[in-house]
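Trainee: Can you keep this structure in mind? I'll have questions shortly.
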Amino acid sequence: LALSRAKPLPRAPGGLAAWQVRRATAYMMNNLDSEIGLAELSALVGLSPTHFCTAFRQSTGQPPAAWLLERRIERAK
Numbered sequence: 006l007a008l009s010r011a012k013p014l015p016r017a018p019g020g021l022a023a024w025q026v027r028r029a030t031a032y033m034m035n036n037l038d039s040e041i042g043l044a045e046l047s048a049l050v051g052l053s054p055t056h057f058c059t060a061f062r063q064s065t066g067q068p069p070a071a072w073l074l075e076r077r078i079e080r081a082k
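See below:
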């Protein structure tokens, strides 16, 4: 009996892995009222701040600050 292996989730070329996007965005959603720094987010996923910012933008279409601002505006509405 062979065990099936779960296939890794796809990621955008040069972007974050799916688990990294989920971890960073969940953290931001859970801390919308707090000041969240780039160093803090990048440490969550084990990347340098510069690499994280570039990869986050490639994965989501927005830099982390813009993504966070959009979520805060949506919540305020």
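Each number in our numbering comes from the position in the sequence shown (counting from 1) with 5 added on.
Here a beta-carbon is modelled for each residue, glycine too, at the ideal position from N, C-alpha and C.
Predicted model, so just to flag it, every value in this text is computed and none were measured.
(1) Leaving out five residues before and five after P68 in sequence, what residues of the same chain have Cβ atoms less than 8 Å from its Cβ?
(2) What does the alpha-carbon distance come out to for the pair K82 and L74?
(3) Assuming V50 contacts A29 (C-beta within less than 8 Å), just tell me the rounded distance between them.
(4) Which runs of the alpha helix (DSSP H) fall wholly inside the stretch 23–79 and span at least 4 residues, in chain order?
(5) If we count the other Cβ atoms within 10 Å of its Cβ and call it buried at 16 or more, is L37 buried or exposed?
(6) Ignore the nearest five residues each way along the sequence and tell me which others in G19's own chain have a CB closer than 7 Å to its CB.
(7) Where does M33 land, buried or exposed, given buried means 16+ other C-beta within 10 angstroms?
Mentor: Checking against the coordinates, here is how it stands:
(1) Same-chain partners within the cutoff: C58, F61 and R62.
(2) 12 Å
(3) 6 Å
(4) 23–35, 43–50 and 54–65
(5) L37 should be labelled exposed.
(6) A60 and Q63
(7) buried
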